[in-house]
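Residue numbers (the numbering used here): 473 to 975.
Cβ coordinates follow ideal geometry from the N, Cα and C atoms, glycine included.
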Amino acid sequence: MASFPTCSAEELTPLLGLAANATAAADYICTRFTATSDKFTNTTYAIDNTYLLFSAYLVFAMQLGFAMLCAGSVRAKNTMNIMLTNVLDAAAGGISYYIFGFAFAFGGPSNGFIGKHYFGLKSIPSSSYDYSFFLYQWAFAIAAAGITSGSIAERTQFVAYLIYSSFLTGFVYPIVSHWVWSSDGWASASRTSGSLLFDSGAIDFAGSGVVHMVGGIAGLWGALIEGPRIGRFDRSGRSVALRGHSASLVVLGTFLLWFGWYGFNPGSFLTISKSYNTSDAFYGQWSAVGRTAVTTTLAGCTAALTTLFSKRLLAGHWNVTDVCNGLLGGFAAITSGCAVVEPWAAIVCGFVASWVLIGCNKLAEKLKFDDPLEAAQLHGGCGAWGLLFTGLFAKKRYVHEVYATGRPYGLFMGGGGKLLAAQIIQILVIFGWVSATMGPLFYILKKLKLLRVSKEDELQGMDMTRHGGFAYIYQDEDSSSHPPPGFTMRKIEPSSATPSPIV
């Protein structure tokens, strides 16, 4: 925040000459000037906090997008289950992030590994953080948990969701965000004490690694340990499509996520009233916020169009679900470098992100990896590409404006390889940390028989067996609980499974 000039009565008095009461006049003028300066300072704080709160609301609205996307991507018999898990991600994540998560992430001064202050928001607000900052960071934390829930959908026990969501938002995710975003973090580009990683620090402006890779890698281990859904691969090992029941909900969820991403990426500046002290009065952080929204948009749009035509050539048809996933893959990739790249570079980012997602999906199919929402491939794969992209295309001027002058910038922009090296280190440590924490957790849950539902529950659908009924009402509530004569609802399962009537 820019500082306002100060007024000194001692310095002002000689300027008023030898007039009577010059000292009193100087005191009066300085008093009024200080009061006005305080008003401007308060107004600046209010503007920046309002901006951050509005961004937090946008990011939180992404939970609705996740819920709709997940609901549309699963079969109708599991709709209530996946919707409830999305609600629980936010609720359980809110408590765990309040008690532990925020302190582990931003509880400075601390060491480079983990924060140690602000448990339960003690001593908040402070000169460093206000309540709005907590709310914004909580919305990010539950976004990571929401990503993971998609990977293990349609076969996971409800208690497993509660356990992993609380652990992820209360411990695993906060540690990574401390490393990269805290002023004390060992990999942070904003570090204020100690040496920077490769004299640069890792640039992950809004979370391609911190949020998307963390959620995607957690989902990867959950899906691997749990195994594919029944019928996802036939006896010969060939892939069988278990398509979601509503493309309409997928599209609705995608648009809600798109809308929320304008809080996710531009909002990560945290303030908007900062001046860059250039000769152009119209250029400041408000301009960088707008540029970030533009790069976000272009990356997503490019990825969507690339996926559209690529899948048309590969599969022979236009698939709206694939296009939606491609769009989100572009957003996940640009999230790291959205503030430090040119708009034309965002188009490159989105184009490559689309092919990264297509390639990851092909690999997953060959390895018989089952992720109903492609969350591990989309957020993990495209998130990793986004970090590499930043190390290649970050522009010198923008890096110096957003972080500090003299910092390394993108390899392809003439800045050498230091930033790229820091980005690679970030990818490796995130993969290692999440694997070392979430992998054992899912394995323990499996051994305790708390991870996967029974075969009977999975075939019949968890809405009926675990949640008391279907998400959709097929008959009037006041009619008989049994269908009328001649009418039978039957489950739609892969050909390897024998259909049975639902009563």
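Item: So, are the CB atoms of A894 and A713 less than 8 Å apart?; Value: no
Item: Could you check whether G725 and G852 sit closer than 8 Å to each other, using their CB atoms as the reference points?; Value: no
Item: Nearest-angstrom Cα distance between L845 and G622?; Value: 5 Å
Item: Considering P912, what are the terminal residues of the alpha helix (DSSP H) in which it resides?; Value: 890–919
Item: Is A496 buried or exposed, if buried means 16 or more other CB atoms sit within 10 Å of its CB?; Value: exposed
Item: Rounded to the nearest angstrom, what separates A494 and S667 at their Cα positions?; Value: 52 Å
Item: Could you tell me the boundaries of the alpha helix (DSSP H) in which L800 lies?; Value: 792–806
Item: So the alpha helix (DSSP H) L835 belongs to, where does it begin and stop?; Value: 815–838
Item: For T970, count neighbouring C-beta atoms within 10 Å of its own C-beta (all shown protein chains included) and say buried if the count is 16 or more, exposed if not.; Value: Because T970 sits at a pLDDT of 47, beneath the cut-off of 50, its placement in the model cannot be relied upon, and the point is left open.
Item: Looking only at its chain, what residues have a beta carbon closer than 6 Å to the beta carbon of S745, apart from the 5 residues adjacent to it on each side?; Value: T516, I519, D520
Item: Taking only three categories from DSSP, how would you classify F670?; Value: helix
Item: Whole alpha helix (DSSP H) runs in the region 678–726 with 4 or more residues, listed along the chain?; Value: 686–698
Item: Who are S747's beta bridge partners in DSSP?; Value: G756
Item: Looking at the strands, I want to know which residues DSSP matches up with T628.; Value: R924
Item: Mind checking G732: buried by the 16 CB within 10 Å criterion, or exposed?; Value: buried
Item: So what does DSSP say about S654, is it helix, strand or coil?; Value: coil
Item: Let's see if you can read the secondary structure: which residues bound the alpha helix (DSSP H) around D520?; Value: 494–545
Item: Let me confirm a value: N583 is counted as buried when at least 16 other C-beta atoms fall within 10 Å, else exposed. Which label applies?; Value: exposed
Item: Can the beta-carbon of V559 be found less than 8 Å from the beta-carbon of G716?; Value: no
Item: Out of L799, W905, A811, state which residue places its alpha-carbon closest to the alpha-carbon of G863.; Value: A811
Item: Identify which residue in L777, S740, A776, Y755 has its Cα closest to the Cα of T764.; Value: S740
Item: Going straight from the alpha carbon of S672 to that of H872, what length do you get?; Value: 11 Å
Item: Out of G886, S637, V648, point me to the one whose CA is closest to V906's CA.; Value: V648
Item: Return the CA-CA distance between A818 and A866, expressed in angstroms with no decimal places.; Value: 11 Å
Item: Since S660 sits in a beta bridge, which residues does DSSP pair it with?; Value: A674
Item: List the endpoints of the continuous alpha helix (DSSP H) containing S599.; Value: Taken as a continuous stretch (DSSP letters only), S599 belongs to no alpha helix (DSSP H), as it is neither H nor E.
Item: Would you kindly report the start and end of the unbroken alpha helix (DSSP H) that includes N558?; Value: 551–568
Item: What residue range does the alpha helix (DSSP H) around V871 cover?; Value: 868–874
Item: Please state whether DSSP places H851 in a helix, a strand or coil.; Value: helix
Item: For a test of the three-state rule: what should DSSP assign to C479, helix, strand or coil?; Value: coil
Item: Taking C-alpha atoms, which residue in S662, K868, D794 lies nearest to Q849?; Value: D794
Item: I'd like the list of long-range same chain contacts for A611, defined as Cβ closer than 6 Å, with 5 residues on each side in sequence excluded.; Value: A528, V531, F532
Item: Which residue comes first and which comes last in the alpha helix (DSSP H) that contains R938?; Value: 934–938
Item: Rounded to whole angstroms, what's the CA-CA distance from G587 to F578? Just pull it up for me.; Value: 6 Å
Item: Under a three-way DSSP split, which group does F736 fall into?; Value: helix
Item: Rounded to the nearest angstrom, what separates Y569 and L607 at their Cα positions?; Value: 10 Å
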